[in-house]
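Visitor: Whatever position you read off the sequence shown (first residue = 1), add 49 for the numbering used here.
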Amino acid sequence: MNQQPDWPDQVALRAVTARLAAAPPLVFADECDQLRRRLAAVARGEAFLLQGGDCAETFETTGTEAVRGKLRTLLQMAVILTYAAAVPVVKIGRMAGQYAKPRSSPVEQRDGLTLPSYRGDAVNGREFTAEARRPDPERLLRMYESSATTLNLVRALTGGGFADLRQVHDWNRGFVTGSPAGERYERLADEIEQALDFMQACGVDTRELSTADFFVGHEGLLLEYEEALTRSTESGREYATSAHFLWIGERTRALDGEHVAYFSRISNPIGVKLGPTADPDTVLALLDKLDPAREPGRLTFVVRAGADRVRDVLPTLVEKVASEGARVCWVCDPMHGNTFTAPSGHKTRRFDAVLDEVVGFTEVHHALGTHPGGIHVELTGDDVTECIGGGYEVRAEDLRHRYETACDPRLNHGQSLDLAFRLAELYRATRPA
Ligand code: TRP
Ligand code: PEP
Ligand code: MN
């Protein structure tokens, strides 16, 4: 099967999936339906989607501080976009389940030794030893438990005082002060506080200001895991209950593959990644298989063409889909088409390329009169040095200082805020009146 681990112990695997099949769902059908309705607003051009988090979560980084840090960064980005672009922002964390990775090669070689590639904490360990790299189905149970722990934190933090708009200043605390994005954020937070004072003086008091709507999603890669957590409602509809939103990766979107077959069965809102080689006929066939009823909010196309290709490849795709009368969400992943290896050997991305892909994506949509529905990014709340450039000016020589990702390079806190500000400006400047 495409990109599935070669589990050495099938008996152990069956025992694990049986336990997962009997476990409580992590999310409920009604929540998924609610997200689908929110995404329908994105498809109509009335809202914006912000999706972000680690390339690969690890079991070690599910601690309270790591989750709170990512959430803070996402809330800051969301508030920048909501306030500066004046549109509702649908927020989906790439969190609480992002533990499995597709790999371009099934094996990795180092110093003459060949071992299975690291496929994410859901499958094996990152350490380069035969022991660590052996796929272990017990890890699927840890994936479920870590997802549950993370989701619990996410629910508590977004539903309690932490996400209260009165905390806009607090979210910036502890981050490097004096950074251009951080200072700009402080000014925006002042304005928001004034607006809140004004509303309070007017007698406005609503729950909407003190809690954030927040959903979680991951790549639905490991079908044994997803299948075991699939539940039917009384009306007979099936839902993946591992997350609200699942997407199919660039490497597993074969029309006749198992992933497309599984995703066509479930009723969650879903995404499909589209790389630079995605041709219009394939995209239309994906639309027919995954959204035959043309249900607004059901399908999100996440385009990751690369900054140098997006302006060429996107127009035809958008036009063809629009001519089918489909209301899909178009989202820009400006990360995965812009990865390269620095002279130091680090896998990295340039902030300018990331920004340029977002600009190209937005230009194409505005030229066609369609809606640039959102962004899908890899980020962390920490001040890592994994991507080059941005307000902090991480240089290629700096990459080694704090390069901590378990897989792809992530935007750090300042780079993430910077991107949100640029996006809000772009959106305001080029949006047709
Ligand atoms: N409830 C609204 C929303 O989720 C407004 C809101 C409250 C908000 N807290 C937030 C928006 C934090 C962004 C970030 O959009
Ligand atoms: C990812 O999102 O980490 C990923 C592997 O992306 P893609 O499927 O677009 O290559
Ligand atoms: Mn990635």
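Beta carbons: idealized from backbone N, C-alpha and C, even for Gly. This one's a predicted model, so the numbers in the text were calculated from it and none came from an experiment.
Taking 5 Å as the limit, name every residue whose beta carbon sits nearer than that to some heavy atom of the ligand MN, in sequence order.
Guide: Qualifying residues come out as Cys-104, Asp-457.
Visitor: Secondary structure at Glu-373, three-state DSSP: helix, strand or coil?
Guide: Within the sequence shown, numbered from 1, the residue matching residue 373 stands at position 324. Three-state result, Glu-373: coil.
Visitor: Taking just the CA atoms, how far does Tyr-132 sit from Asp-239?
Guide: Position 190 of the sequence shown, counted from the first residue, corresponds to residue 239. Position 83 of the sequence shown, counted from the first residue, corresponds to residue 132. Straight-line Cα distance between these residues: approximately 12 Å.
Visitor: Could you check how far apart the C-beta atoms of Glu-299 and Gly-324 are, in whole angstroms? I think they sit under 8 Å.
Guide: In the sequence shown, counting from the first residue as 1, residue 299 sits at position 250. In the sequence shown, counting from the first residue as 1, residue 324 sits at position 275. That pair is a contact at about 5 Å.
Visitor: According to DSSP, is His-414 part of a helix, a strand, or is it coil?
Guide: Taking the first residue of the sequence shown as 1, we reach residue 414 at position 365. If DSSP states are grouped into helix, strand and coil, His-414 belongs with the helices.
Visitor: Closer than 7 Å from C-beta to any heavy atom of the ligand TRP: which residues, in chain order?
Guide: This criterion selects Leu-124, Ala-127, Val-128, Thr-131, Pro-137, Val-138, Lys-140, Ala-212, Asp-213, Leu-214, Glu-257, Leu-258, Ser-259, Thr-260, Ala-261, Asp-262.
Visitor: Answer with buried or exposed for Gly-409, where buried requires no fewer than 16 other C-beta atoms within 10 angstroms of its C-beta.
Guide: On the sequence shown, residue 409 is found 360 positions in, with the first residue counted as 1. Per the 10 Å Cβ criterion, buried.
Visitor: Can Asp-447 and Thr-429 be called in contact, C-beta distance under 8 Å?
Guide: As a working mapping, residue 447 is identified with position 398 in the sequence shown. As a working mapping, residue 429 is identified with position 380 in the sequence shown. No, these two residues do not count as a Cβ contact at 8 Å.
Visitor: Return the bridge partner residues of Thr-279 from the DSSP annotation.
Guide: Mapped onto the sequence shown, residue 279 falls at position 230. Ala-289.
Visitor: Got a sec? Which residues, its chain only, sit under 7 Å from Phe-389 by beta carbon, not counting five neighbours each side?
Guide: Counted from its first residue, the sequence shown places residue 389 at position 340. Only Thr-397 meet the Cβ criterion.
Visitor: Please confirm whether any heavy atom of the ligand PEP lies closer than 7 Å to the CB of Lys-322.
Guide: Taking the sequence shown and counting its residues from 1, one reaches residue 322 at position 273. Yes, the ligand PEP has a heavy atom inside 7 Å of this Cβ.
Visitor: Give me the DSSP bridge partner(s) of Pro-165.
Guide: In the sequence shown, counting from the first residue as 1, residue 165 sits at position 116. Paired residue(s): Val-156.
Visitor: Roughly how many angstroms separate the alpha carbons of Trp-296 and Thr-282, rounded to a whole number?
Guide: The residue given as residue 296 occupies position 247 in the sequence shown. The residue given as residue 282 occupies position 233 in the sequence shown. Straight-line Cα distance between these residues: approximately 21 Å.
Visitor: So what does DSSP say about Phe-400, is it helix, strand or coil?
Guide: As a position in the sequence shown, residue 400 is number 351, starting the count at 1. Of the three classes helix, strand and coil, the one that applies to Phe-400 here is helix, per DSSP.
Visitor: The ligand PEP and Pro-383: does the residue's C-beta get closer than 7 Å to at least one heavy atom of that ligand?
Guide: Numbered from its first residue, the sequence shown carries residue 383 at position 334. It does not: the Cβ of Pro-383 is nowhere closer than 7 Å to a heavy atom of the ligand PEP.
Visitor: Kindly confirm or deny that the segment 119 to 130 and the segment 435 to 446 touch, where touching means at least three C-beta pairs closer than 8 Å.
Guide: Verdict: no, contact absent.
Visitor: Are Asp-58 and Pro-186 closer than 8 Å when you measure CB to CB?
Guide: One-based indexing of the sequence shown puts residue 58 at position 9. One-based indexing of the sequence shown puts residue 186 at position 137. Yes, the Cβ-Cβ distance between Asp-58 and Pro-186 is below 8 Å.
Visitor: On the three-pair Cβ rule with 8 Å, is the segment 217 to 225 touching the segment 142 to 161?
Guide: No: fewer than three Cβ pairs fall under 8 Å.
Visitor: Kindly indicate which residue of Thr-290, Ile-241, Ala-105, Val-332 has the alpha-carbon position closest to the one of Leu-304.
Guide: In the sequence shown, residue 304 corresponds to position 255, counting from 1. Among Thr-290, Ile-241, Ala-105, Val-332, the Cα nearest to that of Leu-304 belongs to Val-332.
Visitor: Would you kindly work out how many angstroms separate the C-alpha atoms of Pro-341 and Ala-96, rounded to a whole number?
Guide: Counting from 1 along the sequence shown, the entry for residue 341 is found at position 292. Counting from 1 along the sequence shown, the entry for residue 96 is found at position 47. Computed Cα separation, rounded: 23 Å.
Visitor: Quick one: measure Cβ to Cβ for His-462 and Phe-224, integer angstroms, because I've assumed they're closer than 8 Å.
Guide: Here residue 462 refers to the residue found at position 413 when the sequence shown is read from its first residue. Here residue 224 refers to the residue found at position 175 when the sequence shown is read from its first residue. Contact holds; Cβ gap of about 5 Å.
Visitor: Using only alpha-carbon positions, find the residue among Thr-279, Gly-231, Tyr-167 that is nearest to Phe-177.
Guide: Walking along the sequence shown from the start, residue 177 turns up at place 128. For Phe-177, the nearest C-alpha among the options comes from Tyr-167.
Visitor: Note down the Cα distance separating Leu-130 from Leu-99, rounded to an integer number of angstroms.
Guide: For the purposes of this step, residue 130 is taken as the residue at position 81 of the sequence shown. For the purposes of this step, residue 99 is taken as the residue at position 50 of the sequence shown. Near 9 Å, if we compare the C-alpha coordinates of Leu-99 and Leu-130.
Visitor: Measuring straight from C-alpha to C-alpha, what distance separates Glu-194 and Leu-200?
Guide: The count along the sequence shown starts at 1 and reaches residue 194 at position 145. The count along the sequence shown starts at 1 and reaches residue 200 at position 151. So the alpha carbons of these two residues sit roughly 10 Å apart.
Visitor: Among Gly-422, Tyr-452, Arg-376, which residue has its Cα nearest to the Cα of Ser-393?
Guide: As a first step, residue 393 must be located in the sequence shown, where it is residue number 344. Of the candidates Gly-422, Tyr-452, Arg-376, the one whose C-alpha sits nearest the C-alpha of Ser-393 is Tyr-452.
Visitor: Could you round the C-beta distance between Arg-353 and Gly-386 to whole angstroms and report it? I think they count as a contact, below 8 Å.
Guide: Indexing the sequence shown from 1 puts residue 353 at position 304. Indexing the sequence shown from 1 puts residue 386 at position 337. About 5 Å; that satisfies the 8 Å criterion.
Visitor: Per the DSSP calculation, Phe-97 is bridged to which residue(s)?
Guide: The residue given as residue 97 occupies position 48 in the sequence shown. According to DSSP, Phe-97 bridges with Val-138.
Visitor: Does the Cβ-Cβ distance between Val-203 and Ala-145 come in under 8 Å?
Guide: Along the sequence shown, read from residue 1 onward, the residue named residue 203 stands at position 154. Along the sequence shown, read from residue 1 onward, the residue named residue 145 stands at position 96. Taking 8 Å as the Cβ cut-off, Val-203 and Ala-145 qualify as a contacting pair.
Visitor: Going by DSSP, which residues form a beta bridge with Lys-322?
Guide: On the sequence shown, position 273 is the one that residue 322 refers to. Per DSSP, Val-351.
Visitor: Comparing alpha-carbon positions, which option in Glu-109, Leu-120, Gly-112, Arg-86 lies nearest Ser-465?
Guide: Start at 1 with the first residue of the sequence shown, and residue 465 comes out as number 416. Comparing Cα-Cα distances from Ser-465 to each of Glu-109, Leu-120, Gly-112, Arg-86, the minimum goes to Leu-120.
Visitor: Would you mind reading off the limits of the beta strand (DSSP E) that contains Gly-423?
Guide: To locate residue 423, count along the sequence shown from 1; it is residue 374. Start and end: 423 to 427.
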